[in-house]
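Peer 1:
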Amino acid sequence: ETRSSNSNCTIYGIANTGSSTYFDGKAYSEDHLKTLVTEDLSSVDGIKKGTSGSQYFLMSGSLIVPGIDPGISTVSTPLSLSRLAAKIKFKITGNNGITITDYCVKNVPKNSYLAEHTSTDGATSWLSTGVTTLAEGTTSVTDQYFYMYENLKGGRTGTGTPTDQTGKALYAPANSTYIEIHAKSSTFNGLFKIYLGADNTSDYNIKRNNSYTY
635 ETRSSNSNCT IYGIANTGSS TYFDGKAYSE DHLKTLVTED LSSVDGIKKG TSGSQYFLMS
695 GSLIVPGIDP GISTVSTPLS LSRLAAKIKF KITGNNGITI TDYCVKNVPK NSYLAEHTST
755 DGATSWLSTG VTTLAEGTTS VTDQYFYMYE NLKGGRTGTG TPTDQTGKAL YAPANSTYIE
815 IHAKSSTFNG LFKIYLGADN TSDYNIKRNN SYTY
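My numbering runs 634 ahead of the 1-based position in the sequence shown.
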């Protein structure tokens with residue numbers, strides 16, 4: 635039940651914590667709620683809760699409502715919740731005699747704010763996936779995906795040529811998420827860093843409840 639409010643107030647919802655005591659001794663004010671972060675992940679796949687076949691994600695949402703009377707237990711406007719996780723889908727193709735040796739994903743956030751923030755992601759430490767080693771002569775990797783907490787890194791740390799895709803790695807902010815690929819041909823061995831975000835040139839933001847394809 636609510637306490638009285640004479641002006642607009644915000645109702646928050648957090649779902650799929652997996653624990654009835656998750657908030658014991660925690661969110662005693664709105665300002666405090668906005669500082670709460672998820673528990674640290676020990677692996678990238680740890681963002682999925684539950685067991686195989688019945689997995690789920692932490693969700694959150696908020697709703698601004700007019701002043702409410704004390705003791706009210708229902709609000710007629712629906713409160714929508716969304717996943718804290720983003721989905722990353724990717725494929726890798728080698729052309730012109732290039733084969734792919736291995737790949738991994740680096741700088742995946744260990745944690746995230748429970749309540750949505752518009753300009754900061756809450757992460758203070760990051761994870762990497764294990765290296766996926768491919769069979770000799772592999773030329774393509776398809777239908778790969780993983781989930782991650784938001785990583786809001788903004789834009790380039792330097793200017794360069796804003797439309798130049800090769801500059802995205804050069805000017806990446808610290809701890810931006812990227813896919814690292816080793817590939818080779820008959821004349822070279824190469825390391826490629828593909829930085830994620832909303833575009834291929836200057837945006838490094840991975841936002842919660844979004845799906846990205848690369």
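Positions of the beta carbon are idealized from the N, C-alpha and C atoms, including for glycine.
1) For R842, which residues from the same chain have a beta carbon less than 8 Å from its beta carbon, with the 5 sequence-adjacent residues on both sides left out?
2) Pick out whichever of Y838, V678 and S654 has its Cα sitting closest to the Cα of L786.
3) Taking three-plus beta-carbon pairs below 8 Å as touching, is the stretch 789–808 in contact with the stretch 765–772?
4) Hey, I840 and I828: beta-carbon distance below 8 Å or not?
5) Are the Cβ atoms of T811 and L825 separated by less than 8 Å?
6) Considering only their Cβ atoms, is the gap separating L675 from L748 smaller than 8 Å?
7) Output the distance between the C-alpha atoms of L692 and Y656, rounded to the nearest integer angstrom.
8) Looking only at its own chain, which residues have a Cβ that is under 6 Å from the Cβ of S845, when we skip the five neighbours before and after it?
9) Could you tell me if L713 is buried or exposed, where buried requires 16 or more neighbouring beta carbons within 10 angstroms of its beta carbon?
Peer 2: Let me spell this out:
1) S716, R717, L718, A719, A720, S746, E750, Y783 and E784
2) Y838
3) no
4) no
5) no
6) no
7) 12 Å
8) K721
9) exposed
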